[in-house]
Amino acid sequence: MRRDFNRSLSLPLAPAFLLLLIAAASLLLYRQAAQAPDLRRVVPQFLFYFGLLFVLYLAAVILVLRLEKIQGAATPVAWLFIILLSAVAFRVTLLPTRPTLSDDMYRYIWDGRVQAAGLSPYRYTPAASELTFLRRNDNTIWRYINRKTAITIYPPAAQLAFLAIYRLHPDSVTWTKTALTLAELSALVPLALWLRRQRLSLLRLLILAWSPLAVFEVAGSGHMDALVLAPLVVAWLAFEKRRPALLGFSLGIAALLKLYPAFFLPLLWTRRDVKAPLAFAGTVAAGYALFIGRGGSVLGFLPNYLNERFNTGPAALIARGLEAIGGPEMPSWRVVQSWQLLFLALLAVWALWQPLNRPATARRRAWAVMTVFFVLSQNLFSWYLLMLMPLLALDLRRGRWGLALDAPTGWLLFTGLTALSYTFFITWHPVPWAIWAQYGVLLLFLAGHAWRRRGVHR
7 MRRDFNRSLS LPLAPAFLLL LIAAASLLLY RQAAQAPDLR RVVPQFLFYF
57 GLLFVLYLAA VILVLRLEKI QGAATPVAWL FIILLSAVAF RVTLLPTRPT
107 LSDDMYRYIW DGRVQAAGLS PYRYTPAASE LTFLRRNDNT IWRYINRKTA
157 ITIYPPAAQL AFLAIYRLHP DSVTWTKTAL TLAELSALVP LALWLRRQRL
207 SLLRLLILAW SPLAVFEVAG SGHMDALVLA PLVVAWLAFE KRRPALLGFS
257 LGIAALLKLY PAFFLPLLWT RRDVKAPLAF AGTVAAGYAL FIGRGGSVLG
307 FLPNYLNERF NTGPAALIAR GLEAIGGPEM PSWRVVQSWQ LLFLALLAVW
357 ALWQPLNRPA TARRRAWAVM TVFFVLSQNL FSWYLLMLMP LLALDLRRGR
407 WGLALDAPTG WLLFTGLTAL SYTFFITWHP VPWAIWAQYG VLLLFLAGHA
457 WRRRGVHR
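Under my numbering, think of the first position of the sequence shown as 7, with each following residue one higher.
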């Protein structure tokens, strides 16, 4: 420990100064973005700021990976201080702004208000006459809620979080974003423990902490996906420490916040263990039991959501191909959904059948699951990609061109290019070039990665 500390003090100042310069430039850009009263009305301006921030972010990522190659797992205290302080500063800059790129957060506040009144959020739509007393004289939350005639879609743990946030500071946009931002930043603690366990530098925390995707989608837009990060990382840690009960419980909490973490259970469950699946099932059952019998369906808007489409890439191509073969009456999107679920099920069976030999194997399987999930998705919003950030913090590698030309780098670029999905607000129609700029780069990296691994295993 003393040797690592002494090595950190002996580092040249120039790289640290460069990191500080990148942080200062990024902070100025976030301040500029915060000046816009409605980013949805100035999408080209937003994309300009986001693009510059992402380029600076890539430079910072390359810088810390380069230092890791020199220093190993040693973590310079000054660098870590710059990273964490800057991460907080970026978010504080956006916290006072009104979320204009997305109005999802207003539904969180509304669901908290409904529960505070003693009602189930799954029972009535916001526009229901039974809730007239909750929206009377409200000009701050009600007017911005989307889908006023639809039941909420968010699972039980998310609803409990909305209630807790609402109880602490009712009807506050800034407080709600602050609470979600604190939840996101709390994931850095288990992520630091995970990096230490893998003998990686804590400077890799920058990969999550400085991500423009994370800053804009949580501190800027207040998306509840931030709540998933900490329990998801704890689940990975529990897997590596062989604590199956904690694994099942943490993954169960994550699935009760956002359903997709359930896909990770087969990847982290060893066949001889029953504690993990029992803890997972018990946690999920307990969560839903809190709302069953209080009126309405706990699935909420989910069945309707499965019929919606946004920012679709390969899935749209497959659907059009099926329609060309089977005619317009072909249920093409249902077929694509079925294939997606089939591939995920096959990956789950394969993961259970093939024993794990080391943690990196589980992470590779996780990347395979996320590839199927996102590439075949028919509804992909940029904030869904937050779940990738902890795995990127572990698996990004340095290469000849700054970053290795492999799948994790492709996913990292995808977290930046996905901002192009906001071009929808320019014409209120999908923009084909923007969709394929996102997916095209990702598919090139995935194909190149698969080709190189094919050569290795020959």
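Every residue gets a Cβ at the ideal spot worked out from N, C-alpha and C, and that includes glycine.
Remember, predicted model here, so these are calculated numbers, not experimental data.
Euclidean distance between Cα positions of residue i and residue j
i	j	result
residue 186	residue 83	27 Å
residue 22	residue 282	43 Å
residue 294	residue 162	6 Å
residue 452	residue 135	51 Å
residue 172	residue 421	30 Å
residue 25	residue 80	17 Å
residue 279	residue 253	11 Å
residue 335	residue 316	21 Å
residue 358	residue 152	40 Å
residue 446	residue 320	9 Å
residue 345	residue 179	40 Å
residue 455	residue 412	5 Å
residue 352	residue 87	44 Å
residue 349	residue 372	13 Å
residue 64	residue 176	38 Å
residue 459	residue 364	18 Å
residue 342	residue 287	28 Å
residue 377	residue 419	14 Å
residue 92	residue 69	16 Å
residue 362	residue 210	25 Å
residue 192	residue 183	14 Å
residue 181	residue 302	29 Å
residue 298	residue 385	28 Å
residue 33	residue 51	16 Å
residue 397	residue 415	11 Å
residue 89	residue 300	46 Å
residue 434	residue 206	44 Å
residue 165	residue 331	43 Å
residue 118	residue 160	12 Å
residue 5	residue 449	This structure leaves residue 5 out entirely; the chain is present only between 7 and 464.
residue 132	residue 75	54 Å
residue 393	residue 101	21 Å
residue 208	residue 124	44 Å
residue 238	residue 367	17 Å
residue 39	residue 55	7 Å
residue 457	residue 410	14 Å
residue 145	residue 130	20 Å
For residue j and residue i, believed in contact at Cβ under 8 Å, the rounded distance
i	j	result
residue 72	residue 404	6 Å
residue 2	residue 218	What the structure shows of the chain is the stretch from 7 to 464, and residue 2 is not part of that stretch, so it cannot be assessed.
residue 241	residue 257	4 Å
residue 465	residue 268	Past the boundaries of the shown model lies residue 465; the chain is included only from 7 to 464, so the question cannot be answered.
residue 400	residue 77	Going by Cβ atoms, the distance from residue 400 to residue 77 rounds to 17 Å, so no, they are not a contact pair.
residue 120	residue 213	About 37 Å; that fails the 8 Å criterion.
residue 229	residue 110	6 Å
residue 429	residue 49	6 Å
residue 167	residue 196	Residue 167 to residue 196, Cβ: 18 Å. No contact.
DSSP-derived helix/strand/coil call for residue i
i	result
residue 316	strand
residue 152	coil
residue 310	helix
residue 7	Bear in mind that a pLDDT of 45 at residue 7, under 50, signals an unreliable position, so the number given afterwards is only what the model happens to contain. Note: residue 7 maps to coil in three-state DSSP.
residue 24	helix
residue 283	helix
residue 329	helix
residue 98	helix
residue 36	helix
Contact with chain C by residue i, beta-carbon distance below 7 Å
i	result
residue 134	Among the chains of the structure shown, chain C does not appear; only one protein chain is present.
Residue i: CB within 6 Å of a non-hydrogen atom of the ligand PLP
i	result
residue 291	Here there are no bound small molecules, and the ligand PLP is not part of this structure.
- Curious, which full-length alpha helix (DSSP H) runs of at least 4 residues does the segment 44 to 87 contain? Correct list: 49 to 77.
- Is there contact between the segment 219 to 229 and the segment 383 to 402, where contact requires at least three CB pairs shorter than 8 Å? Yes, they touch.
Practice item. Just list the alpha helix (DSSP H) runs in the segment 244 to 271, keeping only unbroken ones of 4 residues or longer that don't cross its boundaries, in chain order. Key: Uninterrupted alpha helix (DSSP H) stretches at least 4 residues long and entirely within the segment 244 to 271 occur at 250 to 263, given in chain order.
| Entirely enclosed beta strand (DSSP E) segments - the segment 413 to 440, minimum 3 residues | Within the segment 413 to 440, no complete beta strand (DSSP E) segment of 3 residues or longer occurs.
Requested in this report: Tell me, please, whether the segment 303 to 316 touches the segment 141 to 157 by the rule of three or more beta-carbon pairs shorter than 8 Å.
Outcome: As far as the Cβ criterion goes, the segment 303 to 316 touches the segment 141 to 157, which means the pair count is three or higher.
>> My parser needs the alpha helix (DSSP H) runs of 4 or more residues fully inside the segment 181 to 249; what are they?
In response: Fully enclosed alpha helix (DSSP H) runs of 4 or longer: 194 to 203, 212 to 215 and 232 to 246.
Decide if the segment 36 to 54 is in contact with the segment 200 to 210; the criterion is three or more beta carbon pairs, one per stretch, under 8 Å apart.
No, the segment 36 to 54 does not touch the segment 200 to 210.
Where are the alpha helix (DSSP H) runs, 4 residues long or more, that stay fully inside the segment 352 to 421, in chain order?
Correct list: 365 to 381 and 395 to 401.
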